[in-house]
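Working notes, structure below.
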Amino acid sequence: MLPALPHAPIRSSTISTVIEYLALGVGAFAGALAVRRDQRYHYDWIGVLGLGMISGVGGGVTRDIILQQGVPLSFDHPSYLTCALGGASLALFFGSVVGARVQRFIFFIDALSLGLFAVAGATRAQDAGLAFLPCLLLGITTAVGGGALRDVFSGRTPAVFERGEPYALAATAAAATYLTAERLGLSPETSSTLGSAMGFLLRLLSN
Amino acid sequence: MLPALPHAPIRSSTISTVIEYLALGVGAFAGALAVRRDQRYHYDWIGVLGLGMISGVGGGVTRDIILQQGVPLSFDHPSYLTCALGGASLALFFGSVVGARVQRFIFFIDALSLGLFAVAGATRAQDAGLAFLPCLLLGITTAVGGGALRDVFSGRTPAVFERGEPYALAATAAAATYLTAERLGLSPETSSTLGSAMGFLLRLLSN
Amino acid sequence: MLPALPHAPIRSSTISTVIEYLALGVGAFAGALAVRRDQRYHYDWIGVLGLGMISGVGGGVTRDIILQQGVPLSFDHPSYLTCALGGASLALFFGSVVGARVQRFIFFIDALSLGLFAVAGATRAQDAGLAFLPCLLLGITTAVGGGALRDVFSGRTPAVFERGEPYALAATAAAATYLTAERLGLSPETSSTLGSAMGFLLRLLSN
Chain W
42 MLPALPHAPI RSSTISTVIE YLALGVGAFA GALAVRRDQR YHYDWIGVLG
92 LGMISGVGGG VTRDIILQQG VPLSFDHPSY LTCALGGASL ALFFGSVVGA
142 RVQRFIFFID ALSLGLFAVA GATRAQDAGL AFLPCLLLGI TTAVGGGALR
192 DVFSGRTPAV FERGEPYALA ATAAAATYLT AERLGLSPET SSTLGSAMGF
242 LLRLLSN
Chain D
42 MLPALPHAPI RSSTISTVIE YLALGVGAFA GALAVRRDQR YHYDWIGVLG
92 LGMISGVGGG VTRDIILQQG VPLSFDHPSY LTCALGGASL ALFFGSVVGA
142 RVQRFIFFID ALSLGLFAVA GATRAQDAGL AFLPCLLLGI TTAVGGGALR
192 DVFSGRTPAV FERGEPYALA ATAAAATYLT AERLGLSPET SSTLGSAMGF
242 LLRLLSN
Chain H
42 MLPALPHAPI RSSTISTVIE YLALGVGAFA GALAVRRDQR YHYDWIGVLG
92 LGMISGVGGG VTRDIILQQG VPLSFDHPSY LTCALGGASL ALFFGSVVGA
142 RVQRFIFFID ALSLGLFAVA GATRAQDAGL AFLPCLLLGI TTAVGGGALR
192 DVFSGRTPAV FERGEPYALA ATAAAATYLT AERLGLSPET SSTLGSAMGF
242 LLRLLSN
């Protein structure tokens, strides 16, 4: 069973912390890779790094700006930003040699992080005393916000809103499962695991 | 005479509360309808609901994020989000049978809500102790921000900035009328009514 | 030597205040001018003024929203907004007669303000207790955020992320120079001057 509360460093244990950093770095890596391969625009290295970092931390930053509980986690704990910068840098330097195996690994981590981020966002919103619907929305925002912001800042329609994109649906299911399990009286650990697993499975199945 | 202070639940009375929720729901409905009818992109139901909700509450959330007075109203009072979700859902399920009469009703409520939101935004900024120009800008932001964000997140140039769009002008006039009336010593109720009426009339006339 | 701390009114002296207002106004002027000359879209005067003001204050507002230290400076001190509105208005009324000499002046002030804003943003982030990397990012955000937001709200891919755009690089160098000089024990005044000069020179050289 996964320990609870990624993105909330106080109560998280070692395994969830490792997963969380992996998810952030992979998010930034995948975002930077997509930007690097963009055929319509030509981004310099600042663009690849900047848009990669936005992909990695943008969702959490948006959530924290809405929650108004002080400086966003990523800015308060620079290790998050460093991790995102590291992921984006890897894509910048080694993006051209990324093969099918790395792509599969990225897809796997990406699916894992989708559920984790949705649950983490809903948890933070719950800790701030918000109701079910706001918690659900902030869970979705955490999971899909980074990619949506990257799309907006690279001149595209956010894929998350377009038909056929299974991201938002999986994030919604993950956050809703977690919040419902919590309300049904399950422990935070069980609820987090159920929610994250739901997001992970839906993302895998919808491929 | 309209009671003062839509969007500020503490001091608002029944009539203004009803109008306010109607405005939010209609804003989300109209936004979702526009997204649903978009010919260039195909949005799934998540996209229609998400962009509809952004249309309804996006302006107020942006204002509250700038004012930094805690969690945005829409997230603190989930009935706002529920109302926006309801409006967007109506557009999702019944959007194909929306006829001319409903369109006229939407246009009417939309014109009404434009002035109300501009005045409400300026009022909130005033309550936070801001000066005339910032209050004016936050009034405009409240009224037109949701539509602008929906446009950005659906890959369009925000209509509010393009020539011929009477929205921004009506919102500016509504907020400026309210703020000037207040400074001239009129009661908040009278000032709110004058501002809202100004926005409403300008929007009707510019059609 | 330049006095320290533009954008932080408490400690700034007369010269830096003058430069700061000049930079804000020129930023809004240049932004409004670009919008006014846009061939693809036709903006009315509200669009020119709105997008001009976003160009001028958007970077600082974004930084302050992330820092969560209360209402953004521009909204708390309306003279900033007034200055941006003035710059945008000048572009609106006299944009058609802007000749080569004014263009050179704009370019010069723009290059100057790039470094100043990057240093000012990094300084504000430092005052909020943030670490090196977040300070660097918020310095860059302050310098290039206004232009990026203007691009997004006028339906373009932010130029700052595209290849060949020297803005982001100069802003990065300015903020990094300032932060490094501070950490090496130089006085705030010397560090600010070094950082601003670095941004200025790189922007001039890259033209």
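Protein chains in written order, with this note's numbering: chain W, 42 to 248; chain D, 42 to 248; chain H, 42 to 248.
All C-beta atoms in this analysis are idealised placements derived from N, C-alpha and C, irrespective of residue type, glycine included.
Using a CB distance below 8 Å, no part of the stretch 201-235 of chain H faces chain D. Residues of chain W with a Cβ closer than 7 Å to the Cβ of THR123/D are, in chain order, LEU174.
Contacts with chain H at 7 Å (Cβ-Cβ) include LEU92/W.
One Cα belongs to SER96/W, the other to ALA125/W, and the distance between them is close to 9 Å.
Chain order gives no chain H residues near ALA163/D, where near means a beta carbon separation below 7 Å; the closest approach is about 13 Å.
For GLN109/H, the residues of chain W that pass the 7 Å Cβ criterion are GLN109, GLY111, VAL112, in the order they occur in the chain. Of all residues in the stretch 59-84 of chain D, those with a C-beta nearer than 9 Å to a C-beta of chain W are VAL76, ARG81, TYR82, HIS83, TYR84, reading in chain order.
In the DSSP assignment, VAL112/W falls outside any alpha helix (DSSP H) and carries neither an H nor an E. Short of 8 Å from the beta carbon of TRP86/W, and not among the five residues preceding or following it, lie these beta carbons of its own chain, in chain order: LEU133. Rounded to whole angstroms, the separation of the alpha carbons of ALA200/D and PHE148/H is 30 Å. Here ALA64/D is buried, its C-beta having at least 16 other C-beta atoms within 10 Å.
Beta-carbon to beta-carbon, GLU223/H and SER237/H are separated by about 13 Å, too far to satisfy the 8 Å threshold.
Linking GLN167/W to SER154/H through their CA atoms gives a straight-line distance of about 42 Å.
Residue pairing for TYR84/H: DSSP places it in a beta bridge opposite GLU203/D.
Contact with chain W is absent for ILE147/H, since none of that chain's Cβ atoms lies less than 7 Å from the residue's Cβ. Your pair ALA159/H and ALA184/H checks out as a contact, with CB atoms roughly 4 Å apart and the cut at 8 Å. Here DSSP, grouped into helix, strand and coil, assigns LEU227/W to coil. Rounded to the nearest whole angstrom, the C-alpha separation of LEU245/H and ALA215/H is 13 Å.
For the stretch 181-196 of chain D, the set of positions with a beta-carbon nearer than 7 Å to some beta-carbon of chain W reads VAL193, PHE194, SER195, GLY196 in chain order.
Our two residues, THR123/W and LEU174/H, have alpha carbons roughly 7 Å apart in a direct line.
By the CB criterion at 7 Å, GLY99/W and LEU190/W fall inside the cutoff.
Using a Cβ-Cβ cut-off of 7 Å, PHE116/D counts as an interface residue toward chain W, since at least one Cβ of chain W sits closer than that to its own.
When the alpha-carbon of SER130/H is set against those of PRO113/H, PHE146/H, VAL76/H, VAL193/H, the nearest one is in VAL76/H. For SER120/H, the enclosing alpha helix (DSSP H) covers residues 119-135.
Using a Cβ distance threshold of 7 Å, GLY162/H and ARG104/H count as a contacting pair. The criterion of a C-beta distance shorter than 7 Å is not satisfied by ILE181/H and VAL67/H. By the neighbour-count criterion, in which a residue is buried when 16 or more other Cβ atoms sit within 10 angstroms of its Cβ, VAL89/H is buried. In chain order, LEU155, ALA184, VAL185, GLY188, ALA200, VAL201, ARG244 place their CB closer than 8 Å to the CB of TYR208/W, counting only its own chain and leaving out the 5 sequence neighbours on each side.
The beta-carbon of ILE150/H is placed no less than 7 Å from the nearest beta-carbon of chain W. In terms of Cβ geometry, ALA169/H and LEU108/H form a close pair [threshold 7 Å]. In this structure, LEU92/D and VAL139/D do not form a Cβ contact; the two beta carbons are roughly 17 Å apart against a cut-off of 8 Å. In this chain, the alpha helix (DSSP H) harbouring ALA141/W covers 141-168.
Taking a 10 Å sphere around the C-beta of ALA217/D, we find 16 or more other C-beta atoms and assign the residue as buried. In summary, ARG81/H is exposed, with fewer than 16 beta-carbon neighbours lying within 10 Å of its beta-carbon over all protein chains present.
Closest in alpha carbon position to HIS83/D, among THR198/W, GLY128/W, THR234/W, THR164/W, is THR198/W. Taking 7 Å as the CB threshold, ILE95/H stays off the interface with chain W.
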